[in-house]
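Read left to right, the sequence shown gives residues 1 to 329 (full-length UniProt numbering).
Ideal Cβ placement from N, Cα and C applies to all residues, glycine included.
Quick caveat: nothing in here was measured; it's all calculated off a predicted structure.
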Amino acid sequence: MNISFKQRILLGFFSLIAMMGIIIAISLIQFNKARTSSIELNDQLLPVALAAQNMALDILQVQQLIQDGSVTHNTDSFIQADSYANDFKQQNTALQAMAFLSDDKKAELVRIGAAFDNYYAIGRRMGTAYIEQGMEAGNVLMGGFDEAATQLNDAMARFRDNAIERETHIAKDLSEGVSSATQNIIIASILIIIVSVLISYYLTRYLYLQLGIDPFYAKGIAKEIAKGNFSREIQLEPGDNGSLLAAIKQIQQSINDFVAALEHMMKKHDEGWIWETIDASKYPGTYGRLAKDINRLVRSHIDVKMQVVEVISHYAKGDFTMDMPRFTR
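Rendered as structure tokens:
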């Protein structure tokens, strides 16, 4: 396929621009995924994991305070337990209000809330029994309270661990996405550098093959030829037959050959070989036409001279019947 030099340059630059566009597109896709994961992590998973952790701590605090109050008969412990219980319920309600939570998760929170109410009610009854009815009455309820605490802690741990696992998974995906995006950018950048070097080498080599020489020197040689200096020696690379420099040398050689043929003809005329002409068949195109015109001009001048010589010869013999040819000025 014949492609012009301009098209080759445009194709080279277009290739680089296209590769840069691909890199930008890949980067945008990767970073958009990372951004989505980051938003999910910060706005959804992290609040759920933190709330679940706080709720688990609230359960432990309630259990500890109720047990302390039951042993010490300190009612302030029950007041503090009420505070942690209210905090648990508020966070449970807030979690259920989150729109991104699935229906299964919300149903799980409802069951945890119900289990907490049962657990807290048993704990308060146990505390009251210890204070008002004595140790034996409280010990009767202790088993039920511990069992309710175990079931609630297990349920809360499953919810919390699931939230943390999901958070860890998203964080891992985010890290891998950023790492993958960075790796893709590095690989693509290396490819662009390699392709840029190859395109630069190709265009430089192609330009040199077309010119045959550095453009600065080609310009200087062309100027010298334009001024009539055909003596400068032009060196071509081995096998160079189609470059601009080869064409310039061919022009130089054609002009030098023509001038040499003209000088040879003039020398022969000076030696008396007045019928010497330029072999026009050796020169194609305009050079051939110019050679024919010069030959025709030379022959016309010789014909005129021969006419004059013939008339003078007759005059020398006393024959004045012939007229001298007339010349225009």
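Item	Value
Flag this pair as yes or no: are the beta carbons of I122 and A163 separated by less than 7 Å?	no
Within this structure, are the beta carbons of D43 and F88 separated by less than 7 Å?	no
Count the other C-beta atoms from every protein chain shown that fall within 10 angstroms of the C-beta of F116, then say buried if there are 16 or more, exposed otherwise.	buried
According to DSSP, is K267 helix, strand or coil?	helix
Rounded to the nearest angstrom, how far is the Cβ of T277 from that of M265, given a contact under 8 Å?	6 Å
If we ignore side chains and look at the alpha-carbon of each, how far apart do M98 and V178 end up?	28 Å
Give every residue of the same chain whose Cβ lies closer than 6 Å to the Cβ of Q63, excluding the five residues on either side of it in the sequence, and list them in chain order.	A149
Using a Cβ-Cβ cutoff of less than 6 Å, which residues in the same chain neighbour I234 once the five nearest sequence positions on both sides are dropped?	K249
With a floor of 4 residues, list each alpha helix (DSSP H) that falls wholly inside the region 91-160, ordered by position along the chain.	103-132
Would DSSP call L50 helix, strand or coil?	helix
Can you tell me whether S4 is helix, strand or coil according to DSSP?	coil
Would a C-beta distance cut-off of 7 Å place L45 and E167 closer than the cut-off?	yes
What are the boundary residues of the alpha helix (DSSP H) that Q307 is part of?	285-316
How about I23 and A188: do their beta carbons lie closer than 7 Å?	yes
Would you decide whether Q183 is buried or exposed? Buried here means 16 or more other CB atoms lie within 10 Å of its CB.	exposed
How long is the line joining the alpha carbons of S180 and S38, rounded to whole angstroms?	15 Å
Among E108, S70, I186, I185, which has the Cα closest to the Cα of Q133?	S70
How many angstroms separate the CA atom of S196 from the CA atom of Q253?	39 Å
Would the beta-carbon of I274 fall within 7 Å of that of I294?	no
With DSSP collapsed to three states, give me the class of D323.	coil
Going by CA-CA distance only, name the one from D173, S27, Q80 that's closest to Q61.	Q80
In angstroms, rounded to a whole number, what distance separates the CA positions of N139 and Y130?	8 Å
Do you know how far the Cα of K219 is from the Cα of G212?	12 Å
Within 10 angstroms of the Cβ of A260, are there 16 or more other Cβ atoms? Answer buried if so, exposed if not.	exposed
Is the beta carbon of R296 within less than 6 Å of some heavy atom of the ligand MG?	In the structure on display, the ligand MG does not appear, and there are no ligands present to speak of.
Rounding to the nearest angstrom, what Cα-Cα distance links E263 and D270 in this structure?	10 Å
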